[in-house]
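Chains as they are written, first to last, in our numbering: chain Y, 4 to 320; chain S, 4 to 320. Glycine is no exception: its CB is placed at the ideal position from the N, C-alpha and C atoms.
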DNA sequence: ATAATGCGTGAGTAATTGCCCATGAGCAAA
DNA sequence: TTTGCTCATGGGCAATTACTCACGCATTAT
């Protein structure tokens with residue numbers, strides 16, 4: 004039985020109780036009898052020590068920084084889901100790390116027993132993520148592609164992700180039998196009116212969760228590399244304020260869809276509702292930075308999987 | 004597919020769960036659903052994070068009674084550094100509390116940007132302290148062991164601390180490739196003359212700060228438990244006035260190195276200068292009391308990390 | 001003086017957590 | 001391929017902790 008409390012002050016006792024609890028690992032009952040108080044009082048002292056920040060908890064693991072960044076990003080951009088993976092400074096890959104993380108997250112969704120609609124965009128990052136998926140049987144779910152797989156020249160675009168996904172995921176899957184960009188907006192209307200396309204569009208609108216890559220602008224951007232846009236078209240687009248694209252939908256620096264002929268030619272499904280579903284962007288890298296930031300700012304996405312370095316840049320200003 | 008969902012590894016999950024639990028303050032149920040696992044698994048991850056020392060808890064409050072004791076000890080024994088942690092009356096552990104405090108102090112030294120030499124002894128307490136250290140990169144420092152790690156039978160002594168330390172601290176480290184006790188003093192001269200040993204000894208003499216455990220005498224003493232001394236040798240030693248031991252150097256009740264054949268056989272480096280450097284003892288407990296007191300009295304150490312109860316006894320007379 | 005206010009207390013109860021066990025997957029040796 | 005081992009898992013249950021409520025005691029304002 005220890006001295007009376009008043010002689011030390013309440014915070015002192017809180018510190019002592021907190022020490023016994025967290026450092027020495029005693030139960031509150033033991034602390035109570037050691038300090039000559041009731042168990043409830045011991046509990047109060049412990050929680051007081053926590054409330055007064057007398058107890059500092061630290062996590063000594065690289066992932067700690069990631070979680071901090073994720074929380075900061077979530078707060079700053081009002082996101083539903085953020086995942087920050089450790090950066091691999093030595094690697095210039097735009098997929099290492101986030102692909103695995105994205106795969107893990109996709110897997111989490113697919114493991115749910117209640118049926119969901121999972122929508123998926125395209126891009127190298129997403130392809131890498133899907134390649135990480137294990138084989139899962141989930142006949143209860145549906146997987147729908149938001150974007151077409153046909154290039155401007157009629158060839159199949161390499162990075163149509165849904166077919167890779169179909170290899171691993173035993174679920175109904177709905178590709179989008181369309182080009183990414185049509186030549187004129189009228190064409191889009193015609194194509195979208197087709198029954199098959201129509202039903203895929205309808206399913207995509209019901210998506211519970213969506214995974215999309217985020218494309219940057221520039222002459223090295225995916226849209227150019229994959230032959231959807233010519234260099235001069237791209238440069239003109241950038242002059243008109245384009246900052247990035249998701250499934251071909253081009254947005255400006257504020258993340259607002261660009262009012263521009265280009266967006267009238269996008270044949271992709273609209274990005275599912277950020278109000279009623281999760282739309283998770285997967286992207287990292289300095290080149291994609293402003294595109295990611297715009298997408299976040301304009302709430303084109305409400306979830307993000309990125310890496311530490313990118314997260315830090317996103318938080319910088 | 005054999006891909007590990009553990010692309011980030013089990014420890015990372017443990018870190019994540021631990022962070023969510025201790026830092027974010029979520030319940031294990033929330034963590035479970037957030038990570039897509041069962042609550043039990045979440046609980047396991049949290050306790051794994053604790054077991055693996057991923058979670059470090061420290062108390063940021065000067066407990067008045069402890070500070071008072073520390074000041075009194077510093078004055079009484081003319082010490083440079085004293086730390087007193089709360090006692091845990093119910094626990095018989097000789098390390099709980101002081102190990103954490105010692106780790107924090109070691110960390111403080113290692114965080115210095117100017118290069119230092121940190122010397123380290125051995126013992127269970129010191130081992131426990133080193134196990135609390137986080138991973139630190141400090142290539143500017145050097146860490147040197149004062150004692151060897153080879154037992155009388157040629158086996159490696161379990162409590163050689165420097166190897167544990169090398170796991171966490173990224174700095175050059177210098178083990179002492181010697182037994183603690185050699186069979187004859189001549190052997191010691193031969194061994195110490197070796198170039199490798201010579202340089203380690205030289206470095207240890209330059210130590211800026213030293214952390215040592217304090218061993219008591221008795222048939223349950225560390226020296227006996229670890230097989231360096233037989234019971235009858237120990238009893239004879241006690242008859243000749245031995246009161247305690249630091250790195251194998253046996254001293255009497257006044258803290259003077261015992262003039263005795265035993266000390267001629269100690270192969271450890273001399274304890275670094277108490278005039279020009281900090282030599283901090285880490286010890287608590289009734290059994291070690293007279294050894295601690297002797298070490299303080301004879302200025303074998305000029306710093307101490309102990310607990311309240313021990314501090315009170317040390318001040319009693 | 002007396003009532004209002006604030007703070008701490010203990011009791012009871014709901015929520016949360018820790019632990020043990022049986023099970024099954026993965027893996028290595030036979 | 002089989003056997004045996006290790007290890008993670010989920011369920012169930014006991015222990016522990018958090019919260020709410022009503023009360024007592026002191027201080028303060030009227």
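- Task: Helix, strand or coil for residue 127/S, going by three-state DSSP, please let me know.
- Result: Within the second chain, the letter at position 124 stands for residue 127/S. Three-state result, residue 127/S: helix.
- Contact check, residue 102/Y vs residue 132/Y under 8 angstroms by CB: the rounded distance? Here residue 102/Y corresponds to residue number 99 of the first chain, with the count starting at 1. Here residue 132/Y corresponds to residue number 129 of the first chain, with the count starting at 1. Indeed they touch by this definition, with Cβ atoms about 4 angstroms apart.
- Message: Less than 7 angstroms between C-beta atoms, sequence neighbours within five positions excluded: which residues of the same chain meet that for residue 34/S?
- Response: As a position in the second chain, residue 34/S is number 31, starting the count at 1. For residue 34/S, where only same-chain residues beyond five positions count, the Cβ hits under 7 angstroms are 20, 23, 24 and 45.
- So is residue 64/Y in contact with chain S if we call contact Cβ pairs under 9 angstroms? Numbered from 1 along the first chain, position 61 holds the residue referred to as residue 64/Y. Closer than 9 angstroms to some Cβ of chain S, the Cβ of residue 64/Y qualifies, so yes.
- Task: Note down, in chain order, each residue of its chain lying with its Cβ closer than 6 angstroms to the Cβ of residue 213/S, except the 5 sequence neighbours on either side.
- Result: On the second chain, residue 213/S is found 210 positions in, with the first residue counted as 1. Cβ within range, chain order: 122, 275 and 282.
- Item | Cβ of residue 235/Y within 9 angstroms of any chain S Cβ | On the first chain, position 232 is the one that residue 235/Y refers to. No, residue 235/Y does not count as interfacial toward chain S.
- If we ignore side chains and look at the alpha-carbon of each, how far apart do residue 248/S and residue 224/S end up? Mapped onto the second chain, residue 248/S falls at position 245. Mapped onto the second chain, residue 224/S falls at position 221. Distance between the alpha carbons of residue 248/S and residue 224/S: 10 angstroms.
- Message: Please confirm whether residue 6/S has its beta-carbon closer than 9 angstroms to some beta-carbon of chain Y.
- Response: Numbered from 1 along the second chain, position 3 holds the residue referred to as residue 6/S. Low confidence applies to residue 6/S: its pLDDT is 35, below 50, so where it sits in the model is not reliable, and the reading given next is rough at best. So, interface residue.
- So residue 254/Y packs on residue 208/Y, CB below 8 angstroms; how close in whole Å? If you number the first chain from 1, residue 254/Y lands on position 251. If you number the first chain from 1, residue 208/Y lands on position 205. Actually they do not touch by this definition, with Cβ atoms about 19 angstroms apart.
- Message: Residues of chain Y with CB closer than 7 angstroms to the CB of residue 74/S, please, in chain order.
- Response: If you number the second chain from 1, residue 74/S lands on position 71. The premise fails here: residue 74/S is roughly 16 angstroms from chain Y at the closest Cβ pair, so nothing lies under 7 angstroms.
- Query: I think residue 104/S touches residue 185/S, with their Cβ atoms under 8 angstroms apart; what is that distance to the nearest whole Å?
  - Reply: Sequence index remark: in the second chain, residue 104/S carries index 101 (1-based). Sequence index remark: in the second chain, residue 185/S carries index 182 (1-based). Contact doesn't hold; Cβ gap of about 34 angstroms is too wide.
- Reference residue 280/Y; option with closest CA among 79/Y, 211/Y, 239/Y and 59/Y: Counted from its first residue, the first chain places residue 280/Y at position 277. The shortest C-alpha separation from residue 280/Y is found at 211/Y.
- residue 201/Y touches chain S at which residues, Cβ-Cβ below 7 angstroms? Counting from 1 along the first chain, the entry for residue 201/Y is found at position 198. Neighbours of residue 201/Y on chain S: none; closest Cβ ~34 angstroms, over 7 angstroms.
- Extent of the continuous beta strand (DSSP E) run through residue 43/Y: Taking the first chain and counting its residues from 1, one reaches residue 43/Y at position 40. Here residue 43/Y belongs to no beta strand (DSSP E); instead the alpha helix (DSSP H) covers 42 to 54.
- Query: Along the stretch 98 to 109 of chain S, what residues have a CB closer than 8 angstroms to any CB found in chain Y?
  - Reply: 99, 100 and 103
- Query: What residues in its chain sit with their C-beta under 6 angstroms from that of residue 308/S, if we drop five residues either side in the sequence?
  - Reply: Taking the first residue of the second chain as position 1, residue 308/S is located at position 305. Only 86, 101, 104, 105 and 285 meet the Cβ criterion.
- Simplified DSSP assignment, three categories, for residue 61/S: Within the second chain, the letter at position 58 stands for residue 61/S. Strand.
- Query: Should residue 18/S and residue 65/Y be called a contact, given that it needs their Cβ atoms to be closer than 9 angstroms?
  - Reply: Start at 1 with the first residue of the second chain, and residue 18/S comes out as number 15. Start at 1 with the first residue of the first chain, and residue 65/Y comes out as number 62. For residue 18/S and residue 65/Y, yes; Cβs fall inside 9 angstroms.
- Message: If you follow the beta strand (DSSP E) that residue 148/S is in, where does it begin and where does it stop?
- Response: Within the second chain, numbered from 1, the residue matching residue 148/S stands at position 145. Residue 148/S -> beta strand (DSSP E) spans 139 to 153.
- Query: Quick one, which residues of the stretch 222 to 234 of chain S are near chain Y if we go by CB-CB under 9 angstroms, in chain order?
  - Reply: none
- Task: Tell me whether the beta-carbon of residue 183/S lies closer than 9 angstroms to the beta-carbon of residue 126/S.
- Result: Position 180 of the second chain, counting from 1, holds the residue named residue 183/S. Position 123 of the second chain, counting from 1, holds the residue named residue 126/S. Not a contact, by the Cβ cut-off of 9 angstroms.
- chain S residues whose Cβ lies nearer than 9 angstroms to that of residue 40/Y: For the purposes of this step, residue 40/Y is identified with residue 37 of the first chain, where counting begins at 1. The premise fails here: residue 40/Y is roughly 14 angstroms from chain S at the closest Cβ pair, so nothing lies under 9 angstroms.
- Any idea if residue 191/Y is buried or exposed, counting beta-carbon neighbours within 10 angstroms, 16 or more meaning buried? The residue you call residue 191/Y lines up with position 188 of the first chain. Buried.
- Residue from 15/S, 288/S and 300/S whose Cα sits closest to the Cα of residue 89/S: In the second chain, the residue the question calls residue 89/S occupies position 86. The option with the nearest alpha carbon to residue 89/S is 288/S.
- Name the DSSP bridge partner or partners of residue 255/Y? For the purposes of this step, residue 255/Y is identified with residue 252 of the first chain, where counting begins at 1. Paired residues: 245/Y.
- Message: Less than 9 angstroms between the beta carbons of residue 314/S and residue 82/S, yes or no?
- Response: Indexing the second chain from 1 puts residue 314/S at position 311. Indexing the second chain from 1 puts residue 82/S at position 79. Cβ atoms of residue 314/S and residue 82/S: not closer than 9 angstroms.
- Query: Pairing CB atoms from the stretch 260 to 269 of chain Y with CB atoms from the stretch 187 to 203 of chain Y, are three or more of them under 8 angstroms?
  - Reply: yes
- Verify the CB distance criterion: does residue 137/S have a CB-CB separation below 9 angstroms to chain Y? Working through the second chain from its first residue, we reach residue 137/S at position 134. By this cut-off, residue 137/S is an interface position.
- Compare the Cα-Cα distances from residue 77/S to each of 312/S, 290/S, 299/S and 303/S and report the closest residue. Taking the first residue of the second chain as 1, we reach residue 77/S at position 74. Nearest C-alpha to residue 77/S: 299/S.
- Answer with buried or exposed for residue 318/S, where buried requires no fewer than 16 other C-beta atoms within 10 angstroms of its C-beta. Working through the second chain from its first residue, we reach residue 318/S at position 315. Exposed.
- Which residues, in chain order, does the stretch 118 to 145 of chain S contribute to contact with chain Y at a C-beta distance below 8 angstroms? 137 and 138
- Return yes when at least one heavy atom of the ligand ADP lies under 8 angstroms from the C-beta of residue 278/Y, else no. The ligand ADP is absent from the structure shown, which contains no ligands of any kind.
- Just how far apart, CA to CA, sit residue 178/Y and residue 99/Y? Translated into positions along the first chain, residue 178/Y becomes position 175. Translated into positions along the first chain, residue 99/Y becomes position 96. Each residue's alpha carbon lies about 26 angstroms from the other.
- Please decide whether residue 114/Y counts as near chain S, where near means a Cβ-Cβ distance under 9 angstroms. Here the question's residue 114/Y lines up with position 111 in the first chain. Yes, because at least one Cβ of chain S sits closer than 9 angstroms to the Cβ of residue 114/Y.
- Task: Determine, using beta carbons only, whether residue 148/Y and residue 165/Y come nearer to each other than 9 angstroms.
- Result: To locate residue 148/Y, count along the first chain from 1; it is residue 145. To locate residue 165/Y, count along the first chain from 1; it is residue 162. Yes, these two residues count as a Cβ contact at 9 angstroms.
- Whose Cβ in chain S lies nearer than 7 angstroms to the Cβ of residue 67/Y? Stepping through the first chain from its first residue, residue 67/Y is reached at position 64. Neighbours of residue 67/Y on chain S, chain order: 18 and 22.
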